[in-house]
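Colleague:
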Ligand SMILES: Nc1ncnc2c1ncn2[C@@H]1O[C@H](COP(=O)(O)OP(=O)(O)OP(=O)(O)O)[C@@H](O)[C@H]1O
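Residue numbers (my numbering): 47 to 401.
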């Protein structure tokens with residue numbers, strides 16, 4: 047069920063103007079800072095915010111004038127928002143019940159989805175007896191049990207503590223692989239990397255950049271996206287040491303709790319974790335995570351100079367932040383041959399959406 051939306055909306059002095067196209071079954075992440083309009087987009091899609099003008103179609107069906115509960119849309123927000131007086135299984139069964147399923151069929155479907163999110167053992171508990179992560183599992187089951195044509199996720203990990211978030215992220219990655227067309231709102235590039243095929247970066251009510259997630263975040267075309275992403279990314283497959291790239295290089299790093307060996311992953315590290323040495327220099331740091339490269343560009347970046355590298359293998363597109371004094375000392379200029387080194391302890395390895 048593909049989504050196509052052209053939305054124009056005004057909220058006070060804020061003006062939103064976006065268009066979105068999300069192919070059937072894929073996940074689009076809307077990434078942007080506070081106040082950029084992400085929640086307003088979700089509100090318009092869900093029918094909770096009235097746009098000035100909007101053309102929204104899901105699987106070719108126009109949603110203009112359709113009330114929220116008839117839109118075939120599932121919404122999962124930061125807080126699970128379960129009905130406090132119903133058990134977990136009755137909360138999940140509520141979705142199919144409200145679309146006409148009989149009591150028995152609804153409970154059966156509820157147990158199916160509770161099993162999908164590893165929460166069958168919680169079936170008889172009330173929301174007040176669930177942790178934040180457990181409640182969010184049940185809320186995911188409830189959203190999916192409605193079998194929505196479009197799933198909207200509004201910062202689904204924001205209210206979870208750091209220990210619970212990776213498990214829920216892993217779970218969503220699993221169910222979204224075969225799940226409905228999804229729009230995910232987040233301000234965390236790692237959420238986009240883990241879950242989204244495509245990303246649209248929002249600023250001040252507009253989409254300033256869009257494309258395949260890894261492409262946009264690893265080679266941002268606008269300074270704004272670079273600031274949001276602000277990270278080096280190397281794509282590959284998770285291995286015990288860290289990650290193996292398509293060309294067979296291993297980048298060592300610390301795996302996040304939700305990494306699965308053999309699955310797509312990205313190694314992530316900030317530009318200030320990359321050390322730059324002259325190509326034939328003696329100081330190569332630790333022999334791990336060392337690669338030859340050529341300086342492609344030097345860009346002022348606040349108090350530092352951001353060195354953009356090109357080369358074969360995983361060096362391509364990496365950025366390193368150096369002080370102006372270091373750039374002068376190394377006599378760096380576009381075309382300089384260098385060796386880059388990244389300490390494994392500064393590299394985190396995260397699961398990535400397969401794209
Ligand atoms: N009910 C409202 N009335 C007037 N202005 C509003 C209302 N709701 C939101 N806004 C304004 O619309 C703009 C976009 O808000 P929105 O919540 O969509 O951004 P966001 O990107 O989701 O931000 P956050 O990440 O903080 O949730 C903001 O400037 C906000 O102040």
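Glycine residues also receive a C-beta, built at the ideal position from the N, C-alpha and C atoms.
Since this is a predicted model, take the numbers as computed values, not measurements.
Within 8 Å, do at least three Cβ pairs link the stretch 74-92 to the stretch 240-248?
Modeller: Because the criterion of three Cβ pairs below 8 Å is met, the stretch 240-248 and the stretch 74-92 touch.
Colleague: With residue 231 as the anchor, note down where its beta strand (DSSP E) starts and where it stops.
Modeller: Start and end: 227-232.
Colleague: With distances taken from each beta carbon to the nearest heavy atom of ligand 1, which residues come in below 5 Å, in chain order?
Modeller: Checking every Cβ against the heavy atoms of ligand 1 under 5 Å gives 57, 58, 60, 80, 81, 82, 83, 84, 85 and 86.
Colleague: Could you tell me the boundaries of the alpha helix (DSSP H) in which residue 187 lies?
Modeller: That run of the alpha helix (DSSP H) goes 178-191.
Colleague: Does the stretch 206-216 come close enough to the stretch 303-323 that 3 or more CB-CB pairs lie under 8 Å?
Modeller: As far as the Cβ criterion goes, the stretch 303-323 touches the stretch 206-216, which means the pair count is three or higher.
Colleague: Leaving aside the five residues before and after residue 168 along the sequence, list all residues of the same chain whose C-beta is less than 6 Å from its C-beta, in chain order.
Modeller: 134 and 180, listed in sequence order.
Colleague: Pop quiz: residue 104 and residue 118 are said to be a contact at Cβ under 8 Å. What is the actual Cβ separation, rounded to whole angstroms?
Modeller: Residue 104 to residue 118, Cβ: 7 Å. Contact.
Colleague: What are the boundary residues of the alpha helix (DSSP H) that includes residue 237?
Modeller: Where residue 237 is concerned, the enclosing alpha helix (DSSP H) stretches over 235-241.
Colleague: Which residue wins for smallest C-alpha separation from residue 121, given the options 145, 98, 136 and 94?
Modeller: Nearest of 145, 98, 136 and 94 to residue 121, Cα basis: 94.
Colleague: If you measure between the beta carbons of residue 247 and residue 260, is that distance less than 8 Å?
Modeller: Not closer than 8 Å, so no.
Colleague: Based on Cα-Cα distance, which residue from 204, 97, 393 and 200 lies nearest to residue 313?
Modeller: Ranking 204, 97, 393 and 200 by Cα distance to residue 313 puts 393 first.
Colleague: Grab me the residues of residue 92's own chain with a C-beta within less than 8 Å of its C-beta, minus the 5 sequence neighbours each way, in chain order.
Modeller: So the list reads 114, 117, 119, 121 and 198, once near-sequence residues are dropped.
Colleague: For a test of the three-state rule: what should DSSP assign to residue 160, helix, strand or coil?
Modeller: Residue 160 falls in the helix class under three-state DSSP.
Colleague: Does DSSP put residue 387 in a helix, in a strand, or in coil?
Modeller: If DSSP states are grouped into helix, strand and coil, residue 387 belongs with the strands.
Colleague: Should the stretch 136-148 be regarded as contacting the stretch 186-203, the criterion being three or more beta carbon pairs within less than 8 Å?
Modeller: Yes, they touch.
Colleague: Contact defined as beta carbons within less than 8 Å: I believe residue 341 pairs with residue 350. What is the distance between those atoms, to the nearest angstrom?
Modeller: Between residue 350 and residue 341 the Cβ distance is about 15 Å, and since that is not below 8 Å, they are no contact.
Colleague: Residue 66 and residue 51 look like a contact to me (Cβ under 8 Å); what is the Cβ gap, rounded to whole Å?
Modeller: The Cβ separation is near 5 Å, so the contact holds.
Colleague: For residue 81, which option in 357, 96, 311 and 57 has the closest C-alpha, if you only look at C-alpha atoms?
Modeller: Of the candidates 357, 96, 311 and 57, the one whose C-alpha sits nearest the C-alpha of residue 81 is 57.
Colleague: Tell me the rounded alpha-carbon separation between residue 123 and residue 277.
Modeller: The alpha-carbon atoms of residue 123 and residue 277 are separated by roughly 27 Å.
Colleague: Residues in the same chain with beta-carbon distance under 7 Å from residue 97, minus the five sequence neighbours each way, listed in chain order, please.
Modeller: Result list for residue 97: 53, 54, 55 and 90, in chain order.
Colleague: What would DSSP say about residue 52, mapped onto helix, strand or coil?
Modeller: Correct three-state label for residue 52: strand.
Colleague: Taking only the alpha-carbon atoms, compute the straight-line gap between residue 295 and residue 361 and give it to the nearest angstrom.
Modeller: Cα to Cα, the separation comes out at about 11 Å.
Colleague: In three-state terms, what does DSSP make of residue 140?
Modeller: Helix, per DSSP.
Colleague: From residue 220 to residue 293, what does the alpha carbon distance come to, in whole angstroms?
Modeller: Residue 220 and residue 293: Cα-Cα distance of roughly 27 Å.
Colleague: Starting from residue 311, follow the beta strand (DSSP E) in both directions and report where the run begins and ends.
Modeller: Segment 310-315, the beta strand (DSSP E) holding residue 311.
Colleague: Taking Cβ positions, are residue 192 and residue 228 nearer each other than 8 Å?
Modeller: No, they are not a contact pair.
Colleague: Short check: CB of residue 320 to CB of residue 230, under 8 Å?
Modeller: Cβ atoms of residue 320 and residue 230: not closer than 8 Å.
Colleague: Which whole-angstrom value describes the C-beta separation of residue 225 and residue 63, a residue pair presumed to lie in contact below a C-beta threshold of 8 Å?
Modeller: That belief does not hold up - the Cβ atoms of residue 225 and residue 63 are roughly 29 Å apart, past 8 Å.
Colleague: Using a Cβ-Cβ cutoff of less than 8 Å, which residues in the same chain neighbour residue 151 once the five nearest sequence positions on both sides are dropped?
Modeller: Cβ neighbours of residue 151 beyond the five flanking positions: 142.
Colleague: Considering only the beta carbon of each residue, do residue 291 and residue 310 sit closer than 8 Å?
Modeller: For residue 291 and residue 310, no; Cβs fall outside 8 Å.
Colleague: State buried or exposed for residue 286, treating a residue as buried only when at least 16 other CB atoms are found within 10 Å of its CB.
Modeller: Counting Cβ neighbours within 10 Å, residue 286 comes out exposed, since fewer than 16 surround it.
Colleague: Express the C-alpha separation of residue 317 and residue 275 in angstroms, rounding to a whole number.
Modeller: Those two C-alpha atoms are separated by around 11 Å.
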